[in-house]
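Going line by line, the protein sequences match chains A and B. Each residue of the first sequence is one higher than the one before, starting from 67 at the first, in the numbering used here. Each residue of the second sequence is one higher than the one before, starting from 132 at the first, in the numbering used here. Cβ coordinates follow ideal geometry from the N, Cα and C atoms, glycine included. Structure first, then comments.
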Amino acid sequence: MLIINKLQVSIQNKAILKGIDLKIKPGEVHAIMGPNGSGKSTLANVLSGREEYDITAGTLHYQGVDLAPLTPDERAHLGLFLSFQYPVEIPGVSNLYLLKSALNAKRKHQGLDEIDAIDFLSVVREKMKLLQMDDSYLYRDVNTGFSGGEKKRNEILQLLLLEPSLCILDETDSGLDIDALRIVAKGINLMRNENRSILLITHYQRLLDYIKPDVVHVLSDGKMIAEGDYQLAAVLEAEGYEPFIQKKAGD
Amino acid sequence: MIPQSLFDNCAVLPGWDKHLRLEAWKNWRSMATPTIRDEAWKYTSLARLEKMVFSPSTPAPSTLTLNDIPLTFPENRFCFINGVFNQRLSAPLTADTYLLSQRAWPKIATQYQTAQSYFERLNAAMLNDGLYLDIQNTTNTPLYLMLLEDKTGGLSQHHLRHRIRVHAGVKSDIVIVDLGLADSSSLTTHVIDIELAEGATLNCTHLKKASAPGYAIRQTHAHLAKNSRFTHFNVDFGAKLSRNEIVVLLQENNASCQLNGLALARGQDHIDNQTQITHLAPSTQSLAHYRGMSDDKACHIFHGHVLVDANAPDSIVNQQSKNILLTSKAQVYAEPQLEIYNKNIQCVHGATVGDIDEEALFYLRSRGLSNEIARQLLIFGFARSLLETLDDNTLQNELAEWIKTHLALDSELILDCYKEPDHENTH
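What follows is the structure, given as structure tokens:
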């Protein structure tokens with residue numbers, strides 16, 4: 067279970083998150099929505115261990131382990147996975163290599179032997195088929211020259227392969243057309259099970275039409291200002307964030 | 132560096148023009164050693180080299196075998212050891228396309244009349260051996276030119292000059308391997324003259340791994356006729372001083388060149404890459420892309436100069452230099468320069484110097500890769516992304532292996548994933 071308690075985060079002395087509380091149990095899907103600059107991506111980055119953010123107060127625990135002192139790779143070994151809003155291009159590093167070394171890093175942490183090359187190809191091809199990706203993706207450099215949609219699909223491929231227990235998806239729907247959105251959502255839904263937690267960060271309801279969350283949170287100016295079930299997303303889509311922000315200000 | 136007595140006592144090559152040699156010696160002696168006050172030597176000091184005295188090369192028998200060289204060779208190769216042609220390790224293609232040593236001198240000597248630079252003059256005065264290659268037919272396999280340096284037991288010097296001509300419409304691939312296996316200091320100069328006739332293509336890959344304490348100065352001059360194309364891929368693994376000067380003249384319409392370079396400097400290496408491209412005719416194209424990596428206290432210099440003459444409209448110029456510094460004591464000097472005398476051209480140039488991409492590092496670590504492995508992978512990727520411009524996959528993979536070894540990358544780290552996919556077996 068992920069437990070975030072009164073989390074305050076700043077970057078270059080500017081406060082971004084101003085006291086966040088969040089609990090995600092195994093099997094649950096939570097969505098965080100909010101206007102631009104509300105701190106959604108900061109939360110995703112802090113969870114995955116990006117170093118330029120300072121945790122000024124509060125705590126982050128996953129499966130009872132304090133995340134704050136852990137490096138990004140240690141967090142990945144614990145089961146966290148961040149699907150990047152802007153996946154990074156890495157020229158000269160083949161996608162196949164990244165996928166294989168990431169999987170082997172996980173297996174090593176679990177005390178397992180490295181995966182056999184043939185077995186690996188068979189597993190990765192099966193996942194690629196689900197995402198309608200052809201073999202050429204394996205031999206291209208990581209995200210280099212990929213379209214926005216291809217990059218997001220590549221993130222989900224990594225997700226399917228690494229099978230993390232906590233998936234943080236930062237605006238995975240941005241830059242996707244309807245067909246690509248369906249494919250990506252199908253991939254994410256395949257990952258849903260009673261042991262896995264998913265945190266969706268999004269601007270729009272449309273992703274939530276395909277992946278129905280158990281809880282929707284509204285983040286504004288570094289604070290959670292509303293919470294509800296998946297129907298809250300429809301209300302937000304119809305009315306915008308402003309009524310919620312004003313209501314919170316009036317409280 | 133070389134006292135008069137040493138020159139006087141040095142054996143004259145059989146058949147080499149004594150007068151030419153003496154003239155070259157006088158020319159060299161009359162010229163002051165370049166200093167850091169000279170623009171072309173601004174970042175490379177020769178002060179230490181100047182104080183050293185190097186013995187002339189002696190054709191001592193070498194016990195080197197092909198197993199000592201970490202490359203897979205095709206059948207056609209010319210090997211020189213310590214500046215002298217070695218028959219035992221060589222396997223030339225056909226006798227009528229090349230001339231060696233004494234037979235090559237008349238062809239090589241004609242190039243000396245233009246010897247202007249300090250080390251080219253020295254090369255002319257102290258020349259040990261050379262090859263004249265006259266490529267009249269397109270071949271499918273690359274020709275290897277091996278310039279090896281074996282242990283000599285002291286300070287030694289070797290000087291080679293080669294001339295390569297590619298006939299009209301002929302396509303050729305040449306791999307030059309400059310490999311130093313010595314553990315003591317040496318001074319080597321290599322001069323290579325290249326002439327491409329109309330419509331000729333020469334793809335030249337030049338690997339340079341000089342003996343670590345060595346001083347190696349190499350010059351390549353290429354003259355390109357109409358519609359000819361010259362590609363040069365320069366991979367330098369560093370040395371005490373490794374200086375590479377490449378001069379390309381795009382003399383006639385639609386001639387084009389692509390100069391790619393990779394400098395991997397570690398320890399106290401000093402790699403100095405100088406490229407000079409001159410567009411003299413319309414619709415000529417040049418692309419120069421140099422990448423440098425400096426680790427420890429090493430230094431890499433890229434000085435690229437492109438001149439577009441007033442008579443070269445519709446030319447295309449692209450000059451880039453990307454560099455990474457891995458420590459606070461490493462150094463990089465990147466200077467892409469343009470000198471343009473025609474307004475109707477397309478021109479792009481740029482240079483970057485930076486640390487490892489932190490965003491990419493975080494991305495890899497978030498996928499569970501340790502900091503060390505992620506860094507190694509990014510360094511390897513930086514080098515490898517330029518290797519991808521090589522058409523020869525075998526060479527690409529062998530170079531990748533060299534890079535892994537040179538950078539002391541975890542051998543388990545870079546898997547066979549980099550090799551060309553074998554769809555037959557993997558499907």
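Nearest C-alpha to residue 321(B) among 193(B), 307(B), 314(B): 307(B).
Taking a cut-off of 8 Å for Cβ pairs, the region 143-159 of chain B and the region 227-240 of chain B touch, as three or more such pairs fall below it.
Under DSSP, residue 453(B) takes part in a beta bridge, and its partners are 422(B), 483(B). When DSSP states are grouped into helix, strand and coil, residue 162(B) belongs to the coil group.
The beta carbon of residue 416(B) is closer than 7 Å to those of 387, 446, 447 in its chain, skipping five residues each way along the sequence. Contact check for residue 480(B) against residue 439(B) fails: the beta carbons are separated by 7 Å or more.
For residue 154(A), there is no enclosing beta strand (DSSP E), as DSSP gives it neither H nor E. Residue 309(B) and residue 469(B) have their alpha carbons spaced roughly 30 Å apart. A residue is called buried when at least 16 other Cβ atoms come within 10 angstroms of its Cβ; residue 179(B) does not meet this threshold and is exposed.
Listed in chain order, the alpha helix (DSSP H) elements of length 4 or more contained wholly in the region 108-192 of chain A are 138-144, 161-175. With respect to residue 138(A), residue 115(A) sits close: the two C-beta atoms are nearer than 7 Å. With fewer than 16 other CB atoms across the displayed protein chains lying within 10 angstroms of its CB, residue 188(A) is exposed. Burial of residue 515(B) is indicated by the presence of at least 16 other C-beta atoms within 10 angstroms of its C-beta. For residue 496(B), the enclosing alpha helix (DSSP H) begins and ends at 489-497. C-alpha of residue 258(A) to C-alpha of residue 292(A): approximately 25 Å in a straight line.
Just so you know, the alpha carbons of residue 522(B) and residue 363(B) end up roughly 12 Å apart. Rounded to whole angstroms, residue 347(B) and residue 372(B) show a C-alpha spacing of 6 Å. Proximity of the region 495-510 of chain B to the region 191-199 of chain A falls short of the contact definition, fewer than three beta-carbon pairs being nearer than 8 Å. In terms of Cα proximity to residue 88(A), the closest of 81(A), 231(A), 110(A) is 110(A). For residue 208(B), the secondary structure class from DSSP, reduced to helix, strand or coil, is strand.
Residue 500(B) is bridged by DSSP to nothing; it lacks a bridge partner. The beta strand (DSSP E) runs lying completely inside the region 216-246 of chain A and spanning 3 residues or more are 232-236, given in chain order.
Restricted to the region 508-543 of chain B, the alpha helix (DSSP H) segments that are unbroken, complete and at least 4 residues in length are 524-537, listed in chain order. When rounded, the separation of the alpha-carbon atoms in residue 125(A) and residue 85(A) is 10 Å.
Pairwise C-beta distances place the region 172-184 of chain A out of contact with the region 253-273 of chain A, as fewer than three of them are shorter than 8 Å. Within chain A, the C-beta atoms nearer than 8 Å to that of residue 490(B) come from 154, in chain order. Annotated three-state conformation of residue 274(B) is strand, per DSSP. For the options 216(A), 290(A), 148(A), 104(A), the alpha carbon positioned closest to that of residue 80(A) is the one of 104(A). Distance between residue 174(B) and residue 444(B), taken at the CA atoms: about 34 Å.
In this structure, residue 98(A) lies near residue 283(A), with their beta-carbon atoms less than 7 Å apart.
No residue range can be given for residue 345(B), since it is assigned to no beta strand (DSSP E) and is classified by DSSP as neither H nor E.
By the Cβ criterion, the region 327-341 of chain B is in contact with the region 282-299 of chain B, since at least three pairs of Cβ atoms, one from each stretch, lie closer than 8 Å. Close partners of residue 189(A) in chain B (Cβ separation under 8 Å) are lacking, with about 13 Å as the shortest Cβ gap. Per DSSP, the beta bridge partners of residue 433(B) are 404(B), 465(B). Contact residues of the region 224-258 of chain A toward chain B are 224, 228 (C-beta to C-beta distance below 8 Å).
By the Cβ criterion, the region 269-277 of chain B is in contact with the region 203-222 of chain B, since at least three pairs of Cβ atoms, one from each stretch, lie closer than 8 Å.
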